[in-house]
Every structure is written in structure tokens, then in C-alpha cells.
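Only one structure is covered here, and it is reproduced in the block below.
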Amino acid sequence: MNDILIIYYSRTGKTRMVAEKLAGLLGADIEEIREEKSRAGRLAWFVGIKDSLLDKPAEITSEHSVGSRKVLVIGMPVWASSPPPAVRTFIQTCDLAGKTVYAFCTHDGGGGKGAFAKTAELVGGELASTLALKKPKPDDPELDEKLRQWADEIKTACE
Ligand SMILES: Cc1cc2nc3c(=O)[nH]c(=O)nc-3n(C[C@H](O)[C@H](O)[C@H](O)COP(=O)(O)O)c2cc1C
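The opening residue of the sequence shown carries number 16 in the working numbering; numbering runs sequentially from there.
Okay, here's the thing in C-alpha cells:
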């Protein structure tokens, strides 16, 4: 089992695309957090913001192999300046004691500060490093360069 696990939630695929690129760069395992609730449709933004602001727990339907991993890289879209409910519930139901936790987010311009602060609070300690990506596009060389640099930072810290 790989020491590094990338674990992510994605509603519309941007965070997934970034997570997959990072997994390739790090040679890490990758798992998607899935939830029972559908987040499709016209009201998805409204409901998502409401659920985030109310700290609503999510019903997670996916299974995860966090177990003996040393390093966790958590990926999320920013929802109302916070981690989405599925990410929050994942962290709350997971034993992260002794693990090094990194986090990245994708967003539309609001930045990752709030989401990372809340993630650190849930993790119960500082995040080793964070990366916030605005509207990432799969064929953007700048995105690839940012991810390469961040992956190198993680790899160096893991040596
Ligand atoms: C419910 C909801 C709330 C959001 N809140 C924010 C926000 O506070 N700030 C921001 O910059 N983007 C916000 N966004 C935009 C997403 O963070 C952004 O589009 C993200 O890259 C989507 O990632 P995904 O394709 O992996 O789901 C929000 C999107 C949704 C659906």
C-alpha cells in the first residue's frame, strides 16, 4: 500500500482532474469521496451553500483506505468559503492521528483561505501545505507547473 493517499470530493470534475494529475506526479493512490445526496440540478448551488453554512453532515457512500497511510492529500472544491459537507464528514469520521495532512482546493475566485482554515480546524492541527487553484483547466501548462512544484514539495518532505 502506498504511503500517500489522495482523497478528494468533486461535484463537477475540476477537483477530480487536479487530483488525478497529482496522483500521477506523486505516484500516489487516489480515492473519491462520494455521498448519498445528489448534487445535480438547478438548485445544487443553493442547497450546497445552505448545507455548508449549516454544517450539515453528509452521508458518505464510498469506502476509504486511510488506515496505515502516513500522508493524506485532501482535495475539495470551495463551497461557501468552506470544505463541502462530504469532505467535512469524511474528516470528522476518520482517525488522522499521526498523519501528515496536505490540502488543495479548486475555486471560482474566492480563494482557499476559509476552506483551509476550517479543514485545519477539523483535522485538529496545521496542514503541512496547501494549494488553491482558481478555475483549473486540464490543458493549462501553468496548472501543470504549479502541480509539479507542489508534488516536488510533498515528495521532498516525504523523503
Ligand atoms: C455550493 C457551491 C458553493 C461554492 N462556493 C464558492 C465559494 O465560496 N468561493 C468560490 O470561489 N467558489 C465557490 N464555488 C465554486 C466551486 O468551488 C468551483 O467551481 C470548483 O472548482 C468546483 O469544483 P468541482 O468541479 O470539483 O466540483 C461554489 C460551488 C458550489 C457548487
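Ideal placement from N, C-alpha and C gives every residue a C-beta, glycine not left out.
Query, Result
"Please report the distance separating the alpha-carbon of Leu20 from that of Gly63.", "26 Å"
"For a test of the three-state rule: what should DSSP assign to Leu87, helix, strand or coil?", "strand"
"What does the alpha-carbon distance come out to for the pair Tyr23 and Glu35?", "10 Å"
"So, for Ile75: in the same chain, excluding its five sequence neighbours on each side, which residues have a beta-carbon less than 8 Å away from its beta-carbon?", "Ile48, Arg49, Glu50, Glu51, Ala101, Thr104, Phe105 and Thr108"
"Quick one: measure Cβ to Cβ for Leu41 and Ala166, integer angstroms, because I've assumed they're closer than 8 Å.", "5 Å"
"Quick check: does the Cβ of Ala59 come within less than 7 Å of any heavy atom belonging to ligand 1?", "yes"
"Grouping DSSP H, G and I as helix and E and B as strand, with all else coil, what is Ala112?", "coil"
"Let me check you understand the geometry: is the CB of Arg31 closer than 7 Å to at least one non-hydrogen atom of ligand 1?", "yes"
"Between Val86 and Asp18, is the Cβ-Cβ spacing less than 8 Å?", "yes"
"Tell me whether the beta-carbon of Thr145 lies closer than 8 Å to the beta-carbon of Phe131.", "yes"
"Straight-line CA distance for Glu141 to Gly113?", "12 Å"
"Kindly indicate which residue of Ala95, Ile89, Lys133 and Val33 has the alpha-carbon position closest to the one of Phe61.", "Ala95"
"Please return the same chain residues whose Cβ sits closer than 6 Å to the Cβ of Met32, not counting the five positions on each side in sequence.", "Pro153"
"Can you tell me whether Ile45 sits near ligand 1, meaning its C-beta is under 7 Å from at least one heavy atom of the ligand?", "no"
"Can you give me the Cβ contacts of Ala38 inside the same chain, cut-off strictly under 8 Å, excluding the 5 residues immediately before and after it?", "Ile21, Asp44 and Ile45"
"Would Ser97 pass as a contact of Gly124 if the rule is Cβ separation under 8 Å?", "no"
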